[in-house]
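Chains as they are written, first to last, in our numbering: chain A, 1 to 223; chain B, 224 to 474; chain C, 475 to 696. Every residue, glycine too, gets a C-beta built ideally from N, C-alpha and C. Values in this document were obtained by computation on a predicted structure and should not be read as measured data. Down below is the structure, laid out as structure tokens.
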């Protein structure tokens with residue numbers, strides 16, 4: 001088969017897979033931000049026990065491969081009767097993983113803010129939690145935007161791992177097509193080109209967005 | 224004439240590691256009084272202020288505001304009654320000047336938004352920044368930032384205001400505008416405890432000067448005494464050095 | 475549990491493969507990254523552009539896709555690669571893109587003033603690089619490179635998809651026999667964690683050895 005033929009045959013399915021890829025990415029990036037903020041606040045501002053637990057969780061997730069985490073969720077949990085579909089396991093796994101990394105980016109942002117803000121908030125009578133909610137977090141979350149967009153692009157690429165546990169995203173579709181027309185190389189090349197295009201477009205989009213929002217440029221984190 | 228002092232500090236002590244920063248400091252402030260603390264850098268003056276509103280925990284000693292002791296448990300409630308102006312301003316960077324002054328009224332004192340806005344605008348007008356209320360801290364000069372910080376402290380209607388070297392981080396031309404706000408404040412009857420190097424300010428407005436060194440109060444008395452006839456030799460030395468360095472007139 | 479004790483030797487065999495994959499991948503990445511970063515900083519327009527495209531490309535494709543491309547792509551040309559080698563190639567190419575950025579950033583972090591001063595005492599450009607820029611850039615690189623090491627270590631688990639018998643796959647073989655996925659996978663995770671901590675410890679030691687007192691400042695690179 002010629003490249004053009006393979007292309008025409010593969011594209012519809014691949015784009016379908018891209019939708020799932022994109023969905024997993026956005027889901028994990030956004031819920032990872034929410035959960036990550038929570039984890040971070042617990043680690044930095046809560047009492048010793050909670051702080052220790054969240055720090056441990058973060059370090060465990062960051063110190064082990066994402067694939068192992070996916071395997072534990074998909075193959076391990078059924079031992080206890082908890083069965084997830086591949087897609088759900090992937091969503092949970094990517095979200096938890098992203099939350100751990102984002103918690104660290106936010107922690108970096110909080111540290112870059114400096115202790116004066118907290119002192120000023122306390123000095124007008126705010127409680128610690130009021131200060132965190134009204135003064136620290138609004139500033140920290142604004143500073144973490146570049147790291148968040150990096151995380152988004154990272155997830156775009158790494159959601160391809162979900163194919164190993166059978167989630168129906170783009171890699172899985174590629175394998176499906178290739179195992180039928182045996183044009184493995186051409187199909188994967190097209191897949192690679194799609195990833196390239198999507199990543200490039202996302203990068204430009206986020207760069208444009210950051211310029212629009214005029215964020216003070218402290219890049220906090222990158223995988 | 225009010226009998227009870229607004230602020231009573233009894234034997235405060237604080238160590239950082241093995242270094243003792245405050246070695247038993249006691250003082251009193253009556254209503255309407257302005258006391259100025261002077262002394263060499265690093266001798267615990269800032270730490271003293273931070274211990275009063277418990278932003279830093281003292282190792283021992285007590286602080287009383289209008290007779291009620293400030294403890295770590297009631298600190299955040301008591302801080303509503305004590306204003307604090309920092310050397311580095313510490314304005315909330317993500318909020319406009321108006322919001323900086325308003326946020327304490329709305330979120331801490333739970334006032335309705337309209338009332339809070341009115342009070343905030345009034346305070347900003349008093350410090351001369353009525354036309355800058357919608358600007359962000361990054362758009363203000365150092366002197367303007369500090370005036371917003373003072374407005375923020377004033378808006379909470381505190382019983383007393385603590386000033387921690389309020390002009391030390393400012394360029395010389397900007398010091399004047401902040402000092403004149405502080406002078407007006409003192410004249411209007413606010414109870415103030417000010418740590419500063421600005422001797423001109425101290426001389427014109429202080430009811431009492433407190434000279435601190437090495438974590439203890441060396442001497443205290445009215446400006447007329449301290450400046451012209453200090454009793455302790457160390458005080459004399461310090462004042463002489465300071466007037467050599469900074470000069471008396473600064474405006 | 476007895477299972478843990480029995481599985482450990484098998485898993486350690488897999489761990490050895492994982493370590494080999496990681497080190498080989500990093501080494502390949504290093505070898506490619508050094509010239510790439512050099513050309514990006516000091517090269518003329520064309521080499522700079524080529525290197526830019528190179529590193530942007532390999533940072534935009536998922537590792538998994540890259541592995542498939544290498545394995546199947548070369549098969550098409552008639553070269554049947556051992557999966558292990560294909561993985562090392564994939565890990566290496568990907569890592570080279572990231573490492574080149576680390577080195578580029580480190581070189582740029584060494585203040586221009588350093589270069590100017592070196593030239594002003596008569597050093598050639600090469601000497602300037604060798605004696606002034608490189609030693610400083612090296613120290614700036616250690617922290618991010620440590621991070622890259624842990625990334626490659628964790629990414630090596632994707633060799634699973636090509637059938638390489640590294641740590642994760644050994645684990646799955648044990649599970650196929652004993653039906654204890656949770657225990658085994660947690661054990662695998664623990665081993666990865668241990669490897670990560672160990673690697674961090676060693677590189678922290680290296681960083682300490684190379685540290686110069688007061689040498690904390692670097693220019694902010696955008």
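Here residue 331 of chain B is not bridged, per DSSP, to any residue. Only residues of its own chain outside the window of five on either side were considered, and among them 541, 544, 545 and 636 have a CB closer than 7 Å to the CB of residue 560 of chain C, listed in chain order. The DSSP-derived three-state label of residue 236 of chain B is strand. As a beta-bridge residue in DSSP terms, residue 443 of chain B pairs with B:433. With contacts defined by Cβ atoms closer than 9 Å, residue 441 of chain B and residue 434 of chain B form a contacting pair.
Ranked by Cα distance from residue 390 of chain B, the options B:293, B:380, B:366 and B:465 are led by B:366. The Cβ atoms of residue 383 of chain B and residue 252 of chain B sit closer than 9 Å to each other.
The beta carbon of residue 108 of chain A does not come within 9 Å of any beta carbon belonging to chain B, so the residue lies off that interface.
At least one CB atom of chain B sits nearer than 9 Å to the CB of residue 126 of chain A. In the DSSP assignment, residue 387 of chain B falls within the unbroken beta strand (DSSP E) covering 383-387. Excluding residues up to 5 positions away in sequence, 571 lie with their Cβ nearer than 6 Å to the Cβ of residue 533 of chain C in the same chain. Assignment of beta-bridge partners to residue 285 of chain B by DSSP yields B:233.
One Cα belongs to residue 575 of chain C, the other to residue 555 of chain C, and the distance between them is close to 29 Å. Assignment of residue 76 of chain A by DSSP, reduced to helix, strand and coil, places it in the helix class. At the C-beta level, residue 418 of chain B and residue 448 of chain B stay beyond 9 Å of one another. Neighbours of residue 71 of chain A across chain C, judged by C-beta separation under 7 Å: 659.
Using a Cβ-Cβ cut-off of 9 Å, residue 98 of chain A does not count as an interface residue toward chain C, since no Cβ of chain C sits closer than that to its own. Across the segment 134-153 of chain A, CB contacts with chain B closer than 9 Å involve 134, 135, 138, 139 and 142, in sequence order along the chain. Neighbours of residue 311 of chain B across chain A, judged by C-beta separation under 7 Å: 116. Secondary structure note for residue 307 of chain B: its beta strand (DSSP E) is the uninterrupted segment 305-308.
Between residue 135 of chain A and the set A:195, A:109 and A:186, the nearest pair of CA atoms involves A:109.
Pairing residue 569 of chain C with residue 626 of chain C gives a Cβ-Cβ distance under 9 Å.
By the beta-carbon neighbour count (other beta carbons within 10 angstroms, threshold 16), residue 668 of chain C is exposed.
According to DSSP, residue pairing for residue 250 of chain B in a beta bridge involves B:232. Taking the CA atoms as reference points, residue 619 of chain C sits about 20 Å from residue 604 of chain C. Within the segment 110-170 of chain A, no run of beta strand (DSSP E) at least 3 residues long lies entirely inside it. In the same chain as residue 249 of chain B, and ignoring 5 residues on each side of it, the C-beta atoms closer than 6 Å to its own belong to 232, 233 and 234, in chain order. Residue 597 of chain C and residue 607 of chain C have their C-alpha atoms roughly 12 Å apart.
For the options B:456, B:420 and B:430, the alpha carbon positioned closest to that of residue 467 of chain B is the one of B:420.
Chain A has a Cβ within less than 9 Å of the Cβ of residue 655 of chain C. In the three-state reduction of the DSSP assignment, residue 272 of chain B falls in the helix class. Proximity of chain A to residue 536 of chain C at the Cβ level (cut-off 7 Å) is accounted for by 157, 158, 160 and 195, in chain order. For residue 81 of chain A, no chain C residue has a Cβ inside 9 Å of its Cβ, as the nearest lies near 12 Å away.
With a 10 Å radius around the Cβ and a threshold of 16 neighbouring Cβ atoms, residue 5 of chain A comes out exposed. Closer than 7 Å at the C-beta level to chain A, one finds these residues of the segment 507-539 of chain C: 531, 534, 535, 536, 538 and 539. Residue 416 of chain B carries a strand assignment under DSSP once its states are collapsed to helix, strand and coil.
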